[in-house]
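Chemist:
The structure is reproduced here in structure tokens:
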């Protein structure tokens, strides 16, 4: 069975500071890993993905994520947070060759002006 | 370009009444289709997914069912709603081929908010 853990319900960061949203996963074999963002009362939007290759993945709006196979982690990062980054962030995983996508419970990011 | 439509956007239903939420995708063929439920604005629970017409995988035993009568149409139904069925329902699609780039990236609809009273 595949699973995703997002250990923090909420992350608060001051505007201009770096941010990290944590994600660990469990899956058989090699994973596809994803980050999505959700604004209030909206569907989720894709941010970035890890398929293979470079462990540092760059995505939309200045976000990046680092794949760490030994720690089974895929933390989302941004060097300088914006107030507009405040939203709900979801990590997701699917085993390669399968279509079932499992999401974490979400982390609410609050960027304080 | 591909688009996904989901309706109705908002629904208030009494306990015991039936439910039908519909999702359609345009601009692609043979997509994978998904229904997720989001309770209390947080975690996403995968309810059903489909890799083709008439092929439905159910993830959680519950009061709901799904059908895929056409390639790009995915319907979520219930014969008798429960209070616990309240939530935000999200339909999503992804490419149905094994293309390496873009494989399994989900595109979500705007969601349907169901309140059962």
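Protein chains in written order, with this note's numbering: chain A, 1 to 113; chain B, 1001 to 1117.
Note that the Cβ used here is the ideal one computed from N, Cα and C, for glycine as well.
#1: Under three-state DSSP, which class holds residue 118/A?
#2: Go ahead and pull the three-state DSSP assignment for residue 25/A.
#3: In terms of residue numbering, what span does the beta strand (DSSP E) encompassing residue 1113/B cover?
#4: Take every Cβ of the stretch 1005-1013 of chain B, pair it with every Cβ of the stretch 1043-1063 of chain B, and state whether three or more of those distances are shorter than 8 Å.
#5: What did DSSP end up calling residue 1089/B once you bin it into helix, strand or coil?
#6: Is there contact here, the stretch 22-35 of chain A with the stretch 83-103 of chain A, by at least three beta-carbon pairs under 8 Å?
#7: Among 1036/B, 1064/B and 1085/B, which has the Cα closest to the Cα of residue 1093/B?
#8: Can you name the residues of chain B whose CB is closer than 7 Å to the CB of residue 43/A?
#9: Checking the sheet assignment: what are the DSSP bridge partners for residue 63/A?
#10: Compute the Euclidean distance between the alpha carbons of residue 7/A and residue 26/A, then round it to the nearest angstrom.
#11: For a cutoff of 8 Å on Cβ pairs, would you count residue 29/A as touching chain B?
#12: Any beta carbon of chain A sitting closer than 8 Å to that of residue 1105/B?
#13: Consider the Cβ of residue 102/A: report whether some Cβ of chain B lies at a distance smaller than 8 Å.
#14: Is the distance from the Cβ of residue 11/A to the Cβ of residue 107/A below 8 Å?
#15: By Cβ distance, which residues of its chain are closer than 6 Å to residue 1072/B, with the 5 residues on each side in sequence left out?
#16: May I ask you to list the residues that DSSP assigns as paired with residue 1004/B?
Modeler: On the basis of the coordinates in this document:
#1: No answer is possible for residue 118/A: the residues shown for chain A start at 1 and end at 113.
#2: strand
#3: 1112-1116
#4: no
#5: strand
#6: yes
#7: Out of 1036/B, 1064/B and 1085/B, 1036/B has the C-alpha closest to the C-alpha of residue 1093/B.
#8: 1090, 1108, 1109, 1110 and 1111
#9: For residue 63/A, which the question treats as bridged, DSSP gives no partner whatsoever.
#10: 14 Å
#11: no
#12: It does: the Cβ of residue 1105/B has a partner Cβ on chain A nearer than 8 Å.
#13: yes
#14: yes
#15: Within the same chain, residue 1072/B has close Cβ partners 1024 and 1025.
#16: 1025/B
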